[in-house]
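Student:
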Amino acid sequence: MEYDVIIAGASFAGLAVAAQLRGKRVLVLDRKPIGTGQTSACGTLVSTLRALRLEASILQVHDRLVVHTPGHTFTYIMPEPFCTFDYTKLCHLLWEQADATFVQAPALGFEDNAVITPNGAYRGRIVVDASGWRAALGTSVRPDLVRRDRLNFGLETTLMYQDNGLHFWYDPRGLLPMGVTWVFPIGRLSRIGVGSYLGDTRLIRTLDRFLHTLDLERDGIHGGYFPYELRDPVVGDLFLVGDAAGQCLALTGEGIRPALFFGTHLGQLLRRALDGEISIAEARERYRQLVLARKRGYDTLTRLQRILPRMPLPLVQGLLALIHRPRVLERAMQRYIRAFALPISDISHRYHTTGSPHTAGWEPGNGAELPPPA
Ligand SMILES: Cc1cc2nc3c(=O)[nH]c(=O)nc-3n(C[C@H](O)[C@H](O)[C@H](O)COP(=O)(O)OP(=O)(O)OC[C@H]3O[C@@H](n4cnc5c(N)ncnc54)[C@H](O)[C@@H]3O)c2cc1C
């Protein structure tokens, strides 16, 4: 059977593309069952999940970001709330929107609009690589697509620990010279992790030392690489999206919002191409332009990731204090947030969830409303 669109990778980017293609013949391939491959702390903006009707996956809403450094703690009240969410639930909610066929199989390569798998080849008019940092299909067209020296690496464990806000620790002398540790609370539990800006994978001892400072012990582990430099979003006939296209942001390591943003827009462009409103070549060009329009912002964050951890600690603290000023924070955050803003859909914001949100004035399961959009 020939499909309209084949998508390799059923996580944030791939499912966001599929969700825009209801009614089309879409095949989604993943080496794992949908919703089982969590690698991240799953922190993102509430408004992003609201725009995509994914609020029911929210576990806790956070109005603040807290950066801990030796001797100083900086608390930033966010102009828009962030949240932590349930990865499996979010994937299933997106999948319900998609109306596509799922096959559990690894995509091994791409040739003449066919995706090669151990079950045989699947043909599609359009093929999308959303397989994460390895770009399983992109590398079969361009073997040098993935630069190992452009990857960050992170490890995480989930433990009983409660807090408010998203917390980062930057302690270059005591914990990790070129990296950060974090605590992302999800109700009674927290996702606690460590990330290296050098792509260093030997982080277990650092994680254990960090856990020790919180009186905790590791229990299970997940994580992996996340790219910090944009790659070409179109390689030959292939569309790439999410980490496969290097769309994770440097410094902050935020990759979910870009994956959902570019995935949604790419899905909409492909729908228009399939409906004959634009050609596939035009869809390629428009998608390329959408990504290119954000390249300057990506490059700035990449430079900051290289420079900031090499600066003397007092200078970093000075910068953190500067951003702490309300007007500077507001301007910086608005630019950062707006780059990937999705329009709020006209759905009702009332929702029910069985999750365990943990935030002042906000109770789940009783039809309460999330904080209003900024
Ligand atoms: C420890 C850690 C913490 C993080 N925390 C955050 C956070 O809190 N907030 C945030 O915004 N970002 C975070 N990130 C980054 C974020 O996880 C990624 O940017 C995001 O997952 C990218 O989404 P994606 O859909 O492009 O790729 P992925 O989520 O990596 O999904 C790729 C999918 O493709 C599948 N796949 C892979 N190879 C193949 C193949 N050959 N054939 C078929 N399927 C394949 C995989 O099974 C997977 O389902 C974190 C990353 C790490 C490592």
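Residue numbering for the sequence shown follows the working numbering, beginning at 529 and increasing consecutively. We treat Cβ as the ideally placed atom computed from N, Cα and C, and that holds for glycine. Because the structure is a prediction, the values reported are computed rather than measured.
Looking at the secondary structure, which residues open and close the alpha helix (DSSP H) in which Q862 lies?
Tutor: Counting along the chain, the alpha helix (DSSP H) containing Q862 begins and ends at P854 to R866.
Student: Got a sec? Which residues, its chain only, sit under 6 Å from I534 by beta carbon, not counting five neighbours each side?
Tutor: Excluding residues within five positions, the ones whose Cβ falls inside 6 Å are L555, V643, Y650, G652 and V655.
Student: Answer with buried or exposed for H600, where buried requires no fewer than 16 other C-beta atoms within 10 angstroms of its C-beta.
Tutor: Burial call: exposed.
Student: In the structure shown, what three-state DSSP assignment does L665 receive?
Tutor: The answer is coil: DSSP assigns L665 none of H, G, I, E or B.
Student: Considering only their Cβ atoms, is the gap separating G770 from G660 smaller than 8 Å?
Tutor: It is a contact, given that the beta carbons lie within the stated cut-off.
Student: Nearest by alpha-carbon distance to A867: which of A772, V819 and A546 is it?
Tutor: Closest by alpha carbon: V819.
Student: Count the other CB atoms within 10 Å of the CB of M839; is the residue buried (16 or more) or exposed (fewer)?
Tutor: Exposed.
Student: Using three-state DSSP, classify R716 as helix, strand or coil.
Tutor: R716 falls in the coil class under three-state DSSP.
Student: Going by DSSP, what residue range makes up the beta strand (DSSP E) through G652?
Tutor: Start and end: G648 to D657.
Student: Less than 8 Å separating the beta-carbons of L573 and E608?
Tutor: For L573 and E608, yes; Cβs fall inside 8 Å.
Student: Am I right that F630 and A538 are in contact with their C-beta atoms under 8 Å? What's the rounded C-beta distance?
Tutor: At roughly 7 Å, the Cβ-Cβ gap stays under 8 Å, so F630 and A538 are in contact.
Student: Roughly how far, in whole angstroms, is the beta-carbon of V595 from the beta-carbon of C611, given that I think they are within contact range, below 8 Å?
Tutor: Not a contact, Cβ separation roughly 19 Å.
Student: Which residue's Cα is closest to the Cα of I720: G727, M706 and R737?
Tutor: Residue R737 is the option with its Cα nearest to I720.
Student: Is there contact between the stretch 682-697 and the stretch 710-728, where contact requires at least three CB pairs shorter than 8 Å?
Tutor: These segments touch.
Student: May I ask you to check if the CB of R785 is nearer than 7 Å to at least one heavy atom of ligand 1?
Tutor: At least one heavy atom of ligand 1 is nearer than 7 Å to the Cβ of R785, so yes.
Student: Take A541 and list the residues in its own chain whose beta-carbon comes closer than 6 Å to its own, dropping the five residues that flank it on each side.
Tutor: A658, V769, G770, A787 and G791.
Student: So does L557 have its beta carbon nearer than 7 Å to some heavy atom of ligand 1?
Tutor: Under cutoff, so the answer is yes.
Student: R812: buried (16+ other C-beta within 10 angstroms of its C-beta) or exposed?
Tutor: When all chains shown are included, R812 counts as buried.
Student: Does the stretch 827-846 come close enough to the stretch 700-708 to have 3 or more Cβ pairs within less than 8 Å?
Tutor: Cβ pair count under 8 Å is three or more, so yes.
Student: Ends of the alpha helix (DSSP H) at D591?
Tutor: Here D591 belongs to no alpha helix (DSSP H); instead the beta strand (DSSP E) covers I586 to T597.
Student: Measuring straight from C-alpha to C-alpha, what distance separates C619 and L580?
Tutor: When rounded, the distance between both Cα atoms is 12 Å.
Student: Got a sec? Which residues, its chain only, sit under 6 Å from K552 by beta carbon, not counting five neighbours each side?
Tutor: Excluding sequence neighbours, K552 sits near D532 and L802.
Student: For E782 and R824, I'd like the C-alpha separation in whole angstroms.
Tutor: Their Cα atoms are separated by approximately 16 Å.
Student: Measure the CB-CB distance between G648 and F681 and report whether it falls below 8 Å.
Tutor: Taking 8 Å as the Cβ cut-off, G648 and F681 do not qualify as a contacting pair.
Student: Looking at the secondary structure, which residues open and close the beta strand (DSSP E) in which D760 lies?
Tutor: First-last for D760: undefined, no H or E at that position.
Student: Select from L704, H750, L717 and T603 the residue whose C-alpha is nearest the C-alpha of R733.
Tutor: That would be L704, whose Cα lies nearest to the Cα of R733.
Student: Would the beta-carbon of E608 be found less than 7 Å away from any heavy atom of ligand 1?
Tutor: For ligand 1, not one heavy atom lies less than 7 Å from the Cβ of E608.
Student: Is there at least one non-hydrogen atom of ligand 1 closer than 7 Å to the beta-carbon of G652?
Tutor: Incorrect: G652 has no Cβ contact closer than 7 Å to ligand 1.
Student: What's the C-alpha gap between A546 and H740?
Tutor: About 42 Å.
Student: Could you check if P634 belongs to the surroundings of ligand 1, using beta carbon to heavy atom distance under 7 Å?
Tutor: P634: yes, Cβ under 7 Å from ligand 1.
Student: Would you report the Cα separation of A635 and L543, rounded to the nearest angstrom?
Tutor: If I take the Cα positions, the gap works out to 16 Å.
Student: If contacts are defined as beta-carbon pairs under 8 Å, then G774 and L758 qualify, I think. What distance do you get, rounded to the angstrom?
Tutor: Confirmed, Cβ separation roughly 5 Å.
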